[in-house]
Structures are given as structure tokens and as C-alpha cells.
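K.L.:
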């Protein structure tokens, strides 16, 4: 059984609500070297998917027998600050790291016609299968936000290409609730940013001939409209509701057998803590709900009133160690 991380995220006096945690958590610098081929032993690779799309991944070697795969959130990439930070934590523990760009993201821009989404579990399975074949190490997975849900979906569905253990950070396990919540009040700030970035990326794909001929979706002003007009038709769903129903994991988590940690915050602005509080989870799944942290923020009080530390670093160190024990893995 996975043991809980007991060090609370005690926020600085200036970061005591979920919005501040979310915004400053992404604006303030984080430790972690960028992934560049040839730097610090990093190598760049392409993973081919059955559709013909290709993903670009970065590998940083380590001394342990396990390889930590890190998957970014919506509109991010393998060099997003939170990915680099998690990779640094894993590297400092001796793990090798595989930082993954989803379809069309980061260094993989221009290599995919399909889109990634909260249910792209099949893409994750292809990455785990590829890395096991190429590096021969037991895979562990860390998924942020959207990728956290996709990782849980993969584990719940089962199959051959699964990680030996996983950590899902602030996963939107009920996509319908998340799409509704992010369209309310101050959350529209985050939504507008996502919509702007996704729209820009889709226009770039259209100019590059990577969208289906004659595909001209109407302008979208919300994430639900993005899912209705872009995600659903490009990913093979009937509509946004079909996508949400088939890819949400809140009713599937009881099927997970691999050691798994779900980590979220009670004050996450757009992933409602209520979605987690009544879950019926198996012994293999450990749920950690932190009082504060926002959406992948987790700023903790530093040495003085004006400074802060990244609480998530300690949580990741603890839970990676717990996955090793729970999964019967050795260093």
C-alpha cells in the first residue's frame, strides 16, 4: 500500500488561494534544465503511431532500472517548466527520464495530423511500448492535468503496454464538469488562454496542410466549443458530450491494478475537488488531496515571508519512492 506524503503545502502569505497558486505557480521560475539533444546526455527520438503521426520525445539517461515518462498538459510541451522541474527531481534521484511531446506539440510541430486530448491513452501506450523496446527499463509515468487523465484511462482500460506505476497530477477526471467550471467567473482567464493557444496551433496546422481538406470549423470562444468543433471531429468522437463520456475516468478508477497516485488540490480553480471526494478506489490507488496548490501550482512557504519553495518536488520524490516499493521495483 502506498504511504501518504505527510508534509503539507503551507503557502506563503501572498499565495493563499487557488488562483494565485495557479497563476504564480506557472509564472515564477522553476528549476530544471531544458531538453535539448546533445546537452547533458539528452537524445531526441521519434515515436511512430499507427496513424502515421509521429511524436518527438527526449531521453535523459539515469542509473536506475526504471525510466520515468513525463507527459505535459493542454497547450504545453516537453519543455514546459513543470515538465522540466519534474524531470529534474527524477534525474536527481537517479532515474532516466523520457519527456514526451504530444501530437503536434513542441519539437513535434508539423509531424502530426491528429490531435491529442484527455483520452489519448492509446498514444501513451505506444510511447511505453516504444521505450521498453528501445531502453529496456521498467516504465513509470507522470501525467500533468490532461495527461493525468489520459494516464488513468490507460491504466483503467488495461492491456500490455502499461507503466509499472503512475502519478496523475491535477487530472480532470470528469471532463464535463471541468469544461463547465472553466467557463465560469475568473476561470475564463485560463480558458481564454487555452482557446487562444489552441486556435493559433490549429491555424498553423491548416496553413501547413495538416488538417483534412475542407475542414473549416467555426470560431471557438470556449473549451467546450473547441471540443465540439475541433477535438471531437478530429479525434473520432461524435461530439463534445461523446468525448467527455468516453474519456472521463471518474467511474473507471476501480479497474486500476498498477500502483497509482492521484494528486490534486482542494482549491484547484477548474478541476473540482468534489469529483474526487466520493470515489470508490481500489487499494492500488492512493488519493492525495492537498488543501492548497491550485492547478499544478503548489507554492509553499520559503525561508522568509517573501520566498517560496516548490512543494511538488518533495511530493514527487516521496511518491516515486513509494511506487518503487509498491511495484516491487529495485534501484
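Numbering (the working numbering), first residue to last: 12 to 342.
Quick reminder that beta carbons are idealized off the backbone N, C-alpha and C, glycines included.
Quick one: residues in its chain with C-beta nearer than 8 Å to the C-beta of residue 294, no 5 flanking neighbours on either side, listed in chain order?
P.N.:
Within the chain shown, residue 294 is the residue found at index 283, counting from 1. Contacts found: 12.
K.L.:
Would you call the segment 130-144 and the segment 162-173 touching, i.e. three or more CB-CB distances under 8 Å?
P.N.:
With the cut-off at 8 Å, the segment 130-144 and the segment 162-173 touch.
K.L.:
Which of helix, strand or coil does DSSP assign to residue 184?
P.N.:
One-based indexing of the chain shown puts residue 184 at position 173. Of the three classes helix, strand and coil, the one that applies to residue 184 here is coil, per DSSP.
K.L.:
Tell me the DSSP secondary structure of residue 235 in three-state form.
P.N.:
Taking the chain shown and counting its residues from 1, one reaches residue 235 at position 224. DSSP places residue 235 in helix when its eight states are reduced to three.
K.L.:
Do residue 22 and residue 321 have their CB atoms nearer than 8 Å?
P.N.:
For the purposes of this step, residue 22 is taken as residue 11 along the chain shown, with counting starting at 1. For the purposes of this step, residue 321 is taken as residue 310 along the chain shown, with counting starting at 1. Result no, Cβ atoms of residue 22 and residue 321 do not sit closer than 8 Å.
K.L.:
Nearest CA to the CA of residue 115: which residue from 161, 300 and 60?
P.N.:
Start at 1 with the first residue of the chain shown, and residue 115 comes out as number 104. The shortest Cα separation from residue 115 among 161, 300 and 60 belongs to 60.
K.L.:
Under a three-way DSSP split, which group does residue 57 fall into?
P.N.:
The count along the chain shown starts at 1 and reaches residue 57 at position 46. Residue state, collapsed to three classes: strand.
K.L.:
Looking at the structure shown, is residue 193 part of a helix, part of a strand, or coil, going by DSSP?
P.N.:
The residue labelled residue 193 in the question sits at position 182 within the chain shown. The answer is coil: DSSP assigns residue 193 none of H, G, I, E or B.
K.L.:
Can you give the Cα-Cα distance for residue 88 and residue 111, rounded to whole angstroms?
P.N.:
Position 77 of the chain shown, counted from the first residue, corresponds to residue 88. Position 100 of the chain shown, counted from the first residue, corresponds to residue 111. In a straight line, the C-alpha of residue 88 is about 7 Å away from that of residue 111.
K.L.:
With the cut-off set at 8 Å, would you say residue 255 and residue 155 are in Cβ contact?
P.N.:
On the chain shown, position 244 is the one that residue 255 refers to. On the chain shown, position 144 is the one that residue 155 refers to. Not closer than 8 Å, so no.
K.L.:
Closest to residue 70 by CA distance: which of 146, 117 and 290 is it?
P.N.:
Indexing the chain shown from 1 puts residue 70 at position 59. Ranking the options by Cα distance to residue 70, first place goes to 146.
K.L.:
Is residue 248 helix, strand or coil when you go by DSSP?
P.N.:
Mapped onto the chain shown, residue 248 falls at position 237. Residue state, collapsed to three classes: coil.
K.L.:
Who are the near neighbours of residue 228 in its chain, counting only those whose CB is closer than 6 Å to its CB and skipping five residues on each side?
P.N.:
To locate residue 228, count along the chain shown from 1; it is residue 217. Cβ within range, chain order: 240 and 241.
K.L.:
Going by DSSP, what residues sit across from residue 80 in a beta bridge?
P.N.:
Here residue 80 is taken as the residue at index 69 of the chain shown, counted from 1. Paired residues: 109 and 152.
K.L.:
Please classify residue 77: is it buried, with 16 or more other beta-carbons within 10 angstroms of its beta-carbon, or exposed?
P.N.:
Residue 77 sits at position 66 when you count from the first residue of the chain shown. Classification for residue 77: buried.
K.L.:
Evaluate residue 62 with the Cβ neighbour count: other Cβ atoms within 10 Å of its Cβ, from every protein chain shown; 16 or more gives buried, anything less gives exposed.
P.N.:
Sequence index remark: in the chain shown, residue 62 carries index 51 (1-based). Burial call: exposed.
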